[in-house]
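Following: one structure in structure tokens, then a few remarks.
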Amino acid sequence: MFVIDRQLKLVADLIAPFLTELFRSLSTATVPTVFKSALIAPLIKKPDLDSTDPRSYRPISNLSVVSKLLEHIVFRQLYSYLSAADLLPRLQSAYRTHHSTETSVLKVLTDILYAVDDGDLSVLALPHLSVAFDTVDHDILLTWLKVSFGISGAALDWLQSYLTSMLECV
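Below, the structure is given as structure tokens:
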């Protein structure tokens, strides 16, 4: 811990403006413009694809370290609230300790096996949402967060600013 403190002191003059914006973001419920910028780089989807074909690539958006720190702070606060209020869906596997894609697959497989054992017909549909973030209506999402989870005020305003900014930098 002390090594990190010493290193931060060495670069304090350089990072102070960014950290100031980070904390101002939380108090003003807006995502600063400087945190909305991302470096977008092409990444080949699979090694065996034709590297000369632009369709073989997907864009990867890399935010600054301070932007990621801000996201992490907001995530931890939101997650703590949702956990404490027991608002997370019981079967949600994403972003939860001791949950993973394996637990999700096991749940689906168990449900199918129980249905088959009971003589029921089971159908599994697996849609591929390659641009899932872009398919979510942000107004509906924000309304859902407010109505279903009680998120309001500065927290909801910050999330709206964050979502708006993500549309602008793509």
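Just so it is clear: in the sequence shown, position 27 is 60 by this note's numbering, and no numbers are missing. From the three backbone atoms N, C-alpha and C, an ideal C-beta is built for every residue, glycine too.
- According to DSSP, R123 shares a beta bridge with no other residue.
- Excluding residues up to 5 positions away in sequence, A187, D190, W191, S194 lie with their Cβ nearer than 7 Å to the Cβ of A62 in the same chain.
- Check the Cα spacing between V99 and each of I184, L52, K42, L43: the tightest is with L52.
- For A74, the enclosing beta strand (DSSP E) has its first and last residue at 71 to 77.
- L157 sits in coil when the DSSP states are folded into three classes, being neither helix nor strand.
- In the structure shown, the three-state DSSP call for P92 is strand.
- For L111, the enclosing alpha helix (DSSP H) covers residues 98 to 117.
- In this structure, the beta-carbon distance from A127 to N95 does not fall below 8 Å.
- Here L102 has L55 as same chain residues with Cβ atoms under 7 Å from its own Cβ, once five neighbours each way along the sequence are excluded.
- Under the DSSP assignment, P50 falls in the alpha helix (DSSP H) whose first and last residues are 45 to 61.
- Between I93 and I73, the beta carbon gap of about 7 Å places them in contact (Cβ cut-off 8 Å).
- Just measuring C-alpha positions, the residue of P160, A148, V107 sitting nearest V64 is V107.
- Secondary structure note for L142: its alpha helix (DSSP H) is the uninterrupted segment 134 to 150.
- For the pair L120 and K140, the CB atoms are not nearer than the 8 Å cut-off.
- Counting along the chain, I184 sits inside no alpha helix (DSSP H), nor does DSSP assign it H or E at all.
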